[in-house]
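Peer 1:
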Amino acid sequence: MKLKYINNINPATGKLIKKVKCSTEKEIDKAVANARAAQKKWAALSLAQRSKMLEACAKDFVKQKEKIGRIITDEMGKLYKSAVGETHAVAYGIRETIEQAKTALAVENLQEENLRTELHRTPLGVCAIITPWNFPVSMPESLLSPALIAGNTVVFKPSEMVPLTGKAIFDIFNKHLPKGVINLVQGADEVGNYLIHSNIDMIAFVGSQAVGKIIMKAAGDKLKRIVLELGGKDPMIVLNDADLEKAANFAVNGSLRNTGQVCVSVERIYVQEKAADKFTTLVANGVKNFKYGSGYDESVHMGPLVSERQRANVLSQVKEAVKKGAKLVTGGKAPKGNKGFFMEPTLLTNLSHKHRIMNEETFGPVVAIQKVKTEDEAVKLANDSPFGLGATVWTKNKKKGLAIARKIESGMIGVNQGIGSVSGTPWVGVKQSGYGYIGSIDGIRQFTVPRKISYRK
Ligand code: ADP
């Protein structure tokens with residue numbers, strides 16, 4: 000590997016926290032071999048036994064939420080309160096998986112006259128789990144829990160932006176599960192790339208579309224199974240008859256929360272002409288009142304961006320939009336004299352699809368508004384994207400809202416609300432926002448393969 004160490008930087012100060020050693024090829028091979036050696040025994044345990052161990056992990060996440068919260072805020076900058084909340088919610092995620100697994104993994108006994116078939120959901124074997132940094136505990140949990148409960152063993156590679164959070168997650172699972180069931184490797188793209196080509200059976204990934212495509216190709220060598228949750232460019236449609244205060248509030252929080260580094264969020268807004276002025280004024284007020292600063296400062300609404308590179312990309316999208324005729328209503332700059340990777344909350348209007356910021360993932364604190372004449376135009380623009388993760392529609396006419404929602408090519412759509420759905424439904428992206436899905440009974444089954452044994456009575 001060319002990269003020997005990850006320079007783990009605190010994005011609020013620009014200072015080095017720690018140099019974290021990248022795994023070598025030999026160490027990755029060893030991690031895969033350890034996972035392989037542990038798999039059969041792990042799968043042979045009963046579901047109740049595996050569930051009990053995972054429940055112990057859930058408890059430990061709650062116990063350690065402040066400690067892990069601090070690691071997250073230090074490494075990637077998010078608000079400490081959100082970091083603690085995210086860690087606490089991991090326990091909920093694990094418990095939900097334990098509950099759903101009772102149905103997802105139960106052996107089905109089917110019969111047709113005197114023919115009998117046992118339908119088993121068998122683990123795939125060794126699963127590589129590769130995750131991003133923006134929700135550094137909940138994203139890994141969403142893949143680790145279903146992989147493990149189904150009887151797979153894993154090699155886990157956290158994002159190079161959050162190696163210490165990754166280590167803390169590994170330590171909890173490793174403490175409560177048999178040796179070799181979870182294995183940790185550290186590093187960036189080279190380590191990930193080596194891992195996906197190694198002797199594994201499945202790759203479960205949350206991250207960018209570009210890397211998702213690399214993984215899909217790599218999986219082809221041995222027809223490894225894959226689950227990919229990729230990015231989005233979530234549209235928000237605001238019709239003339241929407242509750243504009245509610246919509247503006249959602250637009251601001253959806254676009255700026257977690258410093259805009261959220262895959263299911265608000266990434267481009269289409270507002271109908273008659274509502275546009277009032278909506279834009281409300282949004283502008285919200286953006287101007289959105290305070291940024293250290294994640295430990297309880298009076299701020301967002302922390303820094305995760306890295307200098309990330310901030311440079313967002314600033315370049317804003318700059319390009321302004322150059323091509325967009326109006327910068329507020330923000331748009333990096334504060335001077337600050338060593339952290341902060342950026343002002345930003346509002347851009349007069350946008351159209353000729354601007355990069357309306358097409359590419361931004362992952363930064365920008366609210367982007369385009370005016371549209373008709374509902375049809377809004378739907379057409381919403382669907383004019385290779386992505387299809389989340390979307391929202393805002394109108395007081397619920398029937399119309401639902402009709403529009405049904406035309407939107409996204410996996411998760413909210414009408415007058417975010418994408419929060421009834422529990423037990425999957426987390427899913429359509430088009431190039433994903434392949435497969437996670438969460439839910441069917442989501443757990445993605446980490447298994449059905450096997451049938453048939454006989455006559
Ligand atoms: P993000 O920047 O949102 O984290 P990426 O897709 O770049 O999105 O990274 C997500 C995860 O994928 C990280 O853990 C990263 O190290 C890993 N990764 C990046 N490139 C590759 C690659 N070529 N093969 C495997 N994993 C990779």
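Numbering-wise (numbering that gives the first Met the number 0), the sequence shown opens with residue 0 and increments by one. Glycine included, every Cβ here is placed at the ideal spot set by N, Cα and C.
(1) Using the three-state DSSP reduction, which class does Y341 fall into: helix, strand or coil?
(2) Using 8 angstroms as the threshold, is the stretch 305-312 in touch with the stretch 327-347, meaning 3 or more CB pairs across them?
(3) So for F204, helix, strand or coil by DSSP?
(4) What residue range does the beta strand (DSSP E) around I181 cover?
(5) Could you tell me which whole beta strand (DSSP E) segments of length 3 or greater appear in the stretch 332-404?
(6) Of all the options N9, A37, V136, which has the alpha carbon lying nearest to the alpha carbon of G124?
(7) Applying the 10 Å Cβ sphere with the 16-neighbour rule, what's the burial state of A105?
(8) Could you tell me which uninterrupted beta strand (DSSP E) segments, each at least 3 residues in length, are contained entirely in the stretch 253-298, listed from first to last along the chain?
(9) Would you mind working out which of T447, A34, E359 sits nearest L229, comparing C-alpha positions?
(10) Hey, V286 and G331 are a contact pair by Cβ (cut 8 angstroms); roughly how many whole angstroms apart?
(11) Would you call the CB atoms of T72 and Y295 closer than 8 angstroms?
(12) To which residues of the same chain is D441 closer than 8 angstroms at the C-beta, ignoring the five residues directly before and after it?
(13) Starting from the C-beta of F278, find all residues in its chain whose C-beta is less than 7 angstroms away, skip the five residues before and the five after it, and write them out in chain order.
(14) So, E24 versus Y193, is the Cβ gap smaller than 8 angstroms?
(15) Is P385 near the ligand ADP, with its Cβ less than 7 angstroms from a heavy atom?
(16) Have a look at G165 and I407 and give me their C-alpha separation to the nearest angstrom.
(17) Threshold first: 4 residues or longer. Then list the alpha helix (DSSP H) segments lying entirely within the stretch 59-142, N to C.
(18) Between M301, S298, V365, which lies nearest to V321 when the distance is taken from Cα to Cα?
(19) For A34 and G150, what's the separation of their Cα atoms in angstroms?
(20) With respect to the beta strand (DSSP E) encompassing P234, which residues constitute its N-terminal and C-terminal limits?
(21) Is S207 near the ligand ADP, with its Cβ less than 7 angstroms from a heavy atom?
(22) I'd like to check one pair, C21 with L2: are the Cβ atoms closer than 8 angstroms?
(23) In this structure, how does DSSP classify T164 when only helix, strand and coil are distinguished?
Peer 2: If we stick to the structure as given:
(1) Taking the sequence shown and counting its residues from 1, the one referred to as residue 341 is at position 342. Inspection of the sequence shows that residue 341 is occupied by Phe rather than by Tyr. Coil.
(2) Judged by Cβ distances under 8 angstroms, the stretch 305-312 makes contact with the stretch 327-347, as three or more pairs qualify.
(3) Residue numbering aside, residue 204 sits at position 205 when the sequence shown is read from its first letter. Three-state DSSP puts F204 in a strand.
(4) In the sequence shown, counting from the first residue as 1, residue 181 sits at position 182. 181-183 is the span of the beta strand (DSSP E), which, as asked, contains I181.
(5) You should have 345-348, 365-371, 389-393.
(6) Taking the sequence shown and counting its residues from 1, one reaches residue 124 at position 125. Closest by alpha carbon: A37.
(7) Residue 105 sits at position 106 when you count from the first residue of the sequence shown. Counting Cβ neighbours within 10 Å, A105 comes out exposed, since fewer than 16 surround it.
(8) If we require 3 residues or more, the beta strand (DSSP E) runs fully inside the stretch 253-298 come out as 267-271.
(9) Translated into positions along the sequence shown, residue 229 becomes position 230. Taking only the C-alpha atoms, the option nearest L229 is E359.
(10) Within the sequence shown, residue 286 is the residue found at index 287, counting from 1. Within the sequence shown, residue 331 is the residue found at index 332, counting from 1. The pair is not a contact, with the Cβ atoms about 11 angstroms apart (cut-off 8 angstroms).
(11) Within the sequence shown, numbered from 1, the residue matching residue 72 stands at position 73. Within the sequence shown, numbered from 1, the residue matching residue 295 stands at position 296. Taking 8 angstroms as the Cβ cut-off, T72 and Y295 qualify as a contacting pair.
(12) Numbered from its first residue, the sequence shown carries residue 441 at position 442. Same-chain partners within the cutoff: A103, P425.
(13) Within the sequence shown, the letter at position 279 stands for residue 278. The residues are V237, L243, A246, A247, V270.
(14) Counted from its first residue, the sequence shown places residue 24 at position 25. Counted from its first residue, the sequence shown places residue 193 at position 194. Yes, they are a contact pair.
(15) For the purposes of this step, residue 385 is taken as the residue at position 386 of the sequence shown. Incorrect: P385 has no Cβ contact closer than 7 angstroms to the ligand ADP.
(16) To locate residue 165, count along the sequence shown from 1; it is residue 166. To locate residue 407, count along the sequence shown from 1; it is residue 408. Looking at the two C-alpha atoms, the distance is approximately 36 angstroms.
(17) Counting whole runs of 4 or more residues, the stretch 59-142 contains the alpha helix (DSSP H) stretches 64-75, 79-103.
(18) For the purposes of this step, residue 321 is taken as the residue at position 322 of the sequence shown. Among M301, S298, V365, the Cα nearest to that of V321 is on V365.
(19) Counted from its first residue, the sequence shown places residue 34 at position 35. Counted from its first residue, the sequence shown places residue 150 at position 151. Their Cα atoms are separated by approximately 11 angstroms.
(20) Reading the sequence shown from its first residue, position 235 is the one you call residue 234. Residues 234-237.
(21) Counting from one through the sequence shown, the residue named residue 207 turns up at place 208. Yes, since a heavy atom of the ligand ADP falls inside the 7 angstroms radius drawn around the Cβ of S207.
(22) On the sequence shown, position 3 is the one that residue 2 refers to. On the sequence shown, position 22 is the one that residue 21 refers to. Taking 8 angstroms as the Cβ cut-off, L2 and C21 qualify as a contacting pair.
(23) Here the question's residue 164 lines up with position 165 in the sequence shown. In the three-state DSSP reduction, T164 falls in the helix class (H, G or I).
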